[in-house]
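Q: Going by the numbering used here, the final residue of the sequence shown carries number 633, and the count climbs one at a time with no gaps.
Note that CB positions come from ideal geometry on N, CA and C, so glycine has one too.
Since the model is a prediction, treat every value here as computed from it, not as a measurement.
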Amino acid sequence: MTELAALIFDVDGTLADTERDGHRVAFNRAFTDAGLDWEWSVDLYGKLLAVTGGKERIRHFLDNYHREFQRPDDLDGFIAGLHAAKTAHYTQMLGEGLIPMRSGVKRLLEEAREAGLRLAIATTTTPANVSALLQHSLDPDAENWFEVIAAGDIVPAKKPAPDIYQWAMEQMGLAPSACLAVEDSHNGVQSALQADIRTILVTTNGYTVDDDFNGAKLVVDQMGEPQAPFQVKSGQVNGHDFVDLALLRDLHGSITG
Ligand code: XBP
Ligand code: MG
Numbered sequence: 377m378t379e380l381a382a383l384i385f386d387v388d389g390t391l392a393d394t395e396r397d398g399h400r401v402a403f404n405r406a407f408t409d410a411g412l413d414w415e416w417s418v419d420l421y422g423k424l425l426a427v428t429g430g431k432e433r434i435r436h437f438l439d440n441y442h443r444e445f446q447r448p449d450d451l452d453g454f455i456a457g458l459h460a461a462k463t464a465h466y467t468q469m470l471g472e473g474l475i476p477m478r479s480g481v482k483r484l485l486e487e488a489r490e491a492g493l494r495l496a497i498a499t500t501t502t503p504a505n506v507s508a509l510l511q512h513s514l515d516p517d518a519e520n521w522f523e524v525i526a527a528g529d530i531v532p533a534k535k536p537a538p539d540i541y542q543w544a545m546e547q548m549g550l551a552p553s554a555c556l557a558v559e560d561s562h563n564g565v566q567s568a569l570q571a572d573i574r575t576i577l578v579t580t581n582g583y584t585v586d587d588d589f590n591g592a593k594l595v596v597d598q599m600g601e602p603q604a605p606f607q608v609k610s611g612q613v614n615g616h617d618f619v620d621l622a623l624l625r626d627l628h629g630s631i632t633g
């Protein structure tokens, strides 16, 4: 049996509920700044989340929901400019402490650190967003809690492609069998599965609750806390009612043992 050596975390929707009241709002502010009358509603944004990555998402919007838009000659530059403005708005919102960590995340990270587990991040979001979220919503030193932060354009193919997980594991010199991935979405689970990670925990959120999580080992609505248990959507929890290291080791052992 391969021992569990590392936890690899997705960011958006997993560490924090960033999409509806964070990223979406920042995109809309960037559109307004640019004099565009685009408004991504809560419902529309749910559909746009099918595509990961902010620049990719703007292009997907133009291709599928706003075909009549008169595109500038330099569409790539135009999208990059909008996205840079969106990042500025988003990191400012994080700096104001507007987006907390999800239930149980800080407790689990602290427990994992104390136990000497290695920690990494594998996300499609921009590196500056990860830094700001960790610093302002977790701990001023939290970036140093993670041995590897794999984020954004560091690999060209974003989730559901496996590249970001493969990159993170390569940096750590670890095989997929020694890793456990924590995700919130179908695209994230696909990315981890295609990278050969077999122990995947999913914590769902409002946008992803109806996603197909086939292949995940355990699906719960949140990590939960001792006095605030999770609800199990699928998988075995052997009497646990919140996510802690013992449960994660159970999940991992039940696959590799
Ligand atoms: C979620 C995403 C991200 C953010 C936007 O990624 O799809 O693209 O919505 O981030 P994950 P950027 O769940 O893998 O963290 O605008 O910085 O691309
Ligand atoms: Mg996610």
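1) Hey, Y421 and R396 are a contact pair by Cβ (cut 8 Å); roughly how many whole angstroms apart?
2) Taking the alpha carbon of R489 as the reference point, which residue from H628, L627, G629 and D620 has its own alpha carbon closest?
3) Starting from the N-terminal side, write out each stretch of the beta strand (DSSP E) that is 3 residues or longer and does not extend beyond the segment 452-528.
4) Work out the CA separation of A568 and K609 for me, nearest whole Å.
5) Taking any heavy atom of the ligand MG as the mark, which residues have a C-beta closer than 6 Å to it, listed down the chain?
6) Got a sec, what are the start and stop residues for the alpha helix (DSSP H) F407 sits in?
7) How many whole angstroms separate the CB atoms of S479 and E601, which I take to be in contact at a CB cut-off of 8 Å?
8) Can the beta-carbon of V565 be found closer than 8 Å to that of L594?
9) Taking Cβ to Cβ, would you say A557 is nearer than 8 Å to V524?
10) Hey, R494 and A381 are a contact pair by Cβ (cut 8 Å); roughly how many whole angstroms apart?
11) Tell me the rounded alpha-carbon separation between D449 and D597.
12) Over what stretch of residues does the alpha helix (DSSP H) that includes L420 continue unbroken?
13) Just list the residues that DSSP pairs D388 with in beta bridges.
14) N535: beta carbon under 7 Å from a heavy atom of the ligand XBP?
15) Between which two residues does the alpha helix (DSSP H) containing K431 stretch?
16) Any heavy atom of the ligand XBP within a distance shorter than 7 Å of the CB on N440?
17) I need the straight-line Cα distance from I530 to V387, nearest angstrom please.
A: So, from the data block:
1) 7 Å
2) D620
3) 494-499 and 524-527
4) 19 Å
5) D386, D388, G389, T390, D560, S561 and G564
6) R400 to D409
7) 6 Å
8) no
9) no
10) 6 Å
11) 45 Å
12) V418 to L424
13) A392
14) Just to set this straight, residue 535 is Lys in the shown sequence, not Asn. At least one heavy atom of the ligand XBP is nearer than 7 Å to the Cβ of K535, so yes.
15) G430 to N440
16) no
17) 15 Å
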